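**Student:** Counting from 18, one number per residue, gives the positions in the sequence shown under the working numbering.
Heads up, the beta-carbon is just placed ideally off N, CA and C, and yes, glycines get one too.
Since this is a predicted model, take the numbers as computed values, not measurements.
Sharing a structure here in structure tokens format.
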Amino acid sequence: MSWDARWKILSDVIVELYKRGGRVPQNVINDLRSAKVMIEVVKADRTRAESIARLEELLSNVESYVLSAARDMFGEEYIDNILRKLCELETEGFILEEPTRFRPGLPRGERWVRIQVSEITPLEFIEETASELNLKFRVEEDGYVLVYGAEEKLKAFVRKLSERTRALRESHSSI
18 MSWDARWKIL
28 SDVIVELYKR
38 GGRVPQNVIN
48 DLRSAKVMIE
58 VVKADRTRAE
68 SIARLEELLS
78 NVESYVLSAA
88 RDMFGEEYID
98 NILRKLCELE
108 TEGFILEEPT
118 RFRPGLPRGE
128 RWVRIQVSEI
138 TPLEFIEETA
148 SELNLKFRVE
158 EDGYVLVYGA
168 EEKLKAFVRK
178 LSERTRALRE
188 SHSSI
């Protein structure tokens, strides 16, 4: 996922809240600033899992407050638009056009994505969807699943994944 783009979307929502006379707690602003710094740290060294985890935590804290405050001030349609943008970012993050490093065991030219197993994307769903589309997959030690195969089937896989993500986010936002 593009953390810069996610940060920008959240920052823009905060600006809109201020324009309408809303107030944002200082700890949320501090988390937004810290997230910007962590983005640069992660760009410098993507191998540090704790930096990525901290960045995700900061952005999630900001996102949860901002979406709640924006819903109260702007309504459901505005929130749906923001969630759509965030889901699109998440989907874009799944596809790696040019792999940055060699993946042992994959035939040359094979397209692939790595999906982190989470509540939104459980292992069972990933395996079931990959099998339905005749894609190959393997569970890796770092908590990710590598899904690979034909490009068109991989695109269909990502579409199904994004539909599920969007549906779950919408159901969580209506709570």
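1) Could you check if G38 is buried or exposed, using at least 16 other CB atoms within 10 Å of its CB as the buried criterion?
2) In terms of alpha-carbon separation, which member of R131, L152, V162, E158 lies closest to L140?
3) When burial is assigned at 16 or more other CB atoms within 10 Å of the CB, is E107 buried or exposed?
4) Apply the 10 Å Cβ neighbour rule to R128 and answer buried if 16 or more other Cβ atoms are within range, or exposed otherwise.
5) Report the option in A86, E169, L49 whose CA atom is closest to the CA atom of L150.
6) Note down, in chain order, each residue of its chain lying with its Cβ closer than 7 Å to the Cβ of G160, except the 5 sequence neighbours on either side.
7) Please state the DSSP three-state secondary structure of R83.
8) Please report how far the alpha carbon of V58 lies from the alpha carbon of I26, in whole angstroms.
9) Would G166 be called buried (16 or more neighbouring beta carbons within 10 Å of its own) or exposed?
10) DSSP on R37, reduced to helix/strand/coil?
11) Which whole-angstrom value describes the C-beta separation of V79 and A52, a residue pair presumed to lie in contact below a C-beta threshold of 8 Å?
12) Would you give the residue range spanned by the beta strand (DSSP E) that R65 belongs to?
13) What are the partner residues of K153, as DSSP defines its beta bridges?
14) In terms of DSSP beta bridges, what is F133 paired with?
15) Please report the distance separating the alpha-carbon of L72 from that of S148.
**Tutor:** The short version:
1) Start at 1 with the first residue of the sequence shown, and residue 38 comes out as number 21. With fewer than 16 other Cβ atoms within 10 Å, it is exposed.
2) Numbered from 1 along the sequence shown, position 123 holds the residue referred to as residue 140. Cα-wise, what sits closest to L140 is V162.
3) For the purposes of this step, residue 107 is taken as the residue at position 90 of the sequence shown. Looking at its Cβ environment, which holds 16 or more other Cβ atoms inside 10 Å, E107 is buried.
4) In the sequence shown, the residue the question calls residue 128 occupies position 111. Buried, by the Cβ-count rule.
5) The count along the sequence shown starts at 1 and reaches residue 150 at position 133. Per the Cα distances, E169.
6) Here the question's residue 160 lines up with position 143 in the sequence shown. Answer for G160: Q133, V134, listed in chain order.
7) One-based indexing of the sequence shown puts residue 83 at position 66. Reading the sequence as shown, one finds Val at residue 83 and not Arg. Of the three classes helix, strand and coil, the one that applies to V83 here is helix, per DSSP.
8) In the sequence shown, residue 58 corresponds to position 41, counting from 1. In the sequence shown, residue 26 corresponds to position 9, counting from 1. Going by the C-alpha atoms only, they are around 20 Å apart.
9) Walking along the sequence shown from the start, residue 166 turns up at place 149. Per the 10 Å Cβ criterion, buried.
10) On the sequence shown, residue 37 is found 20 positions in, with the first residue counted as 1. Of the three classes helix, strand and coil, the one that applies to R37 here is coil, per DSSP.
11) Counted from its first residue, the sequence shown places residue 79 at position 62. Counted from its first residue, the sequence shown places residue 52 at position 35. Contact holds; Cβ gap of about 7 Å.
12) The count along the sequence shown starts at 1 and reaches residue 65 at position 48. For R65, no beta strand (DSSP E) segment is defined, and its DSSP state is neither H nor E.
13) In the sequence shown, the residue the question calls residue 153 occupies position 136. Beta-bridge pairing links K153 to Y165.
14) Start at 1 with the first residue of the sequence shown, and residue 133 comes out as number 116. As written in the sequence, residue 133 is Gln, which differs from the Phe given in the question. In the DSSP assignment, Q133 forms a beta bridge with Y161.
15) Position 55 of the sequence shown, counting from 1, holds the residue named residue 72. Position 131 of the sequence shown, counting from 1, holds the residue named residue 148. Using only the alpha carbons, I get a separation of about 33 Å.
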